[in-house]
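Numbering of the sequence shown is given in my numbering, commencing with residue 1 and proceeding in unit increments. Glycine included, each C-beta is placed from N, C-alpha and C at the ideal position.
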Amino acid sequence: MVKEDIRRFIIDNRKALGREEYVKLSSRIRERLNQIDQVKRGRCFLFYYPLKGEPDILPLVQSFLRDGKCVAFPVIEGKEIKAVKVNSLSNFRKGAFGVYEPSCGEHINEDSIDVVFVPGLAFDKDGFRIGFGKGFYDRFLRKVTAFKIGIAFDFQIFDKIPRDEWDVPVDIVVTPHHIFRRR
Ligand code: ADP
Ligand code: MG
Numbered sequence: 001m002v003k004e005d006i007r008r009f010i011i012d013n014r015k016a017l018g019r020e021e022y023v024k025l026s027s028r029i030r031e032r033l034n035q036i037d038q039v040k041r042g043r044c045f046l047f048y049y050p051l052k053g054e055p056d057i058l059p060l061v062q063s064f065l066r067d068g069k070c071v072a073f074p075v076i077e078g079k080e081i082k083a084v085k086v087n088s089l090s091n092f093r094k095g096a097f098g099v100y101e102p103s104c105g106e107h108i109n110e111d112s113i114d115v116v117f118v119p120g121l122a123f124d125k126d127g128f129r130i131g132f133g134k135g136f137y138d139r140f141l142r143k144v145t146a147f148k149i150g151i152a153f154d155f156q157i158f159d160k161i162p163r164d165e166w167d168v169p170v171d172i173v174v175t176p177h178h179i180f181r182r183r
């Protein structure tokens, strides 16, 4: 399948996931994330704000902040993702492409991020990813040394996703039922 067919397939399937299932599976993903060494040790995280049925990782924000960790969210500036630090989930507004972004906050340097939670429409077992087709994460991920964690439901995992030369793979992919480490 080419990237565009996979995008279509996933968008249709995500719509079919019932609310109860979405809540339960998102919570499984969060439990798994909390067991990952890099997450336990990490001090500074780049989250994503779930869009169009992406797994809900927001409940982790409160507990990370309580633990004194640094929590940042992506803000789209031009063609780039910038990381903006937050102290709560209030003061978000819709930004580019309808994604919620912090409406204020300090920009943090890419180098200070320990872990990036990467959303996607699809991933393969080697960590390659398909996004909405604008390449924002590819441009961002090549700049960071952070541990990159792809997050998805199990039906979003493919054996092999078409790769372009600019695609940047994640280090592991976490689903409700599996953790795939990059071979
Ligand atoms: P996505 O990763 O969102 O699924 P693609 O991988 O198809 O989307 O990339 C979309 C576009 O982003 C590509 O056409 C490519 O030109 C652009 N792009 C991605 N990474 C870079 C980069 N590092 N430098 C310049 N352009 C890039
Ligand atoms: Mg890409």
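Mind checking whether the beta-carbon of Gly42 lies closer than 8 Å to any heavy atom of the ligand MG?
-> In the sequence shown, counting from the first residue as 1, residue 42 sits at position 42. No - the ligand MG has no heavy atom lying nearer than 8 Å to the Cβ of Gly42.
Roughly how many whole angstroms lie between the Cα atoms of Gly18 and Asp164?
-> Taking the first residue of the sequence shown as 1, we reach residue 18 at position 18. Taking the first residue of the sequence shown as 1, we reach residue 164 at position 164. Roughly 33 Å between the two C-alpha positions.
Give me whichever residues DSSP pairs with Ile157 in a beta bridge.
-> Counted from its first residue, the sequence shown places residue 157 at position 157. Partner(s): Phe123.
Cβ shell of Gly131 (< 7 Å), same chain only, five flanking positions each side left out | Mapped onto the sequence shown, residue 131 falls at position 131. Around Gly131: Gly120, Leu121, Tyr137.
Can you tell me the Cα-Cα spacing of Asp171 and Val71, whole angstroms?
-> Here the question's residue 171 lines up with position 171 in the sequence shown. Here the question's residue 71 lines up with position 71 in the sequence shown. So the two alpha carbons sit approximately 20 Å from each other.
N-terminal and C-terminal residue of the beta strand (DSSP E) that Arg93 is part of | In the sequence shown, the residue the question calls residue 93 occupies position 93. Run containing Arg93: 92 to 94, per the beta strand (DSSP E) assignment.
Which class does Lys85 belong to by DSSP, given the choice of helix, strand or coil?
-> Position 85 of the sequence shown, counted from the start, is the residue given in the question as residue 85. If DSSP states are grouped into helix, strand and coil, Lys85 belongs with the strands.
Is Val23 buried or exposed, if buried means 16 or more other CB atoms sit within 10 Å of its CB?
-> Locating residue 23 in the sequence shown gives position 23, counting from the first residue. With fewer than 16 other Cβ atoms within 10 Å, it is exposed.
Please indicate yes or no: does the CB of Tyr48 lie closer than 8 Å to some heavy atom of the ligand ADP?
-> Position 48 of the sequence shown, counting from 1, holds the residue named residue 48. Not under cutoff, so the answer is no.
What distance in whole Å lies between the Cβ atoms of Lys52 and Arg28, which are believed to be in contact at a cut-off of 8 Å?
-> Working through the sequence shown from its first residue, we reach residue 28 at position 28. Working through the sequence shown from its first residue, we reach residue 52 at position 52. About 20 Å; that fails the 8 Å criterion.
Do you know whose CA, among Gly135, Leu60, Gly95, Pro162, lies nearest Asp5's CA?
-> Numbered from 1 along the sequence shown, position 5 holds the residue referred to as residue 5. Among Gly135, Leu60, Gly95, Pro162, the Cα nearest to that of Asp5 is on Pro162.
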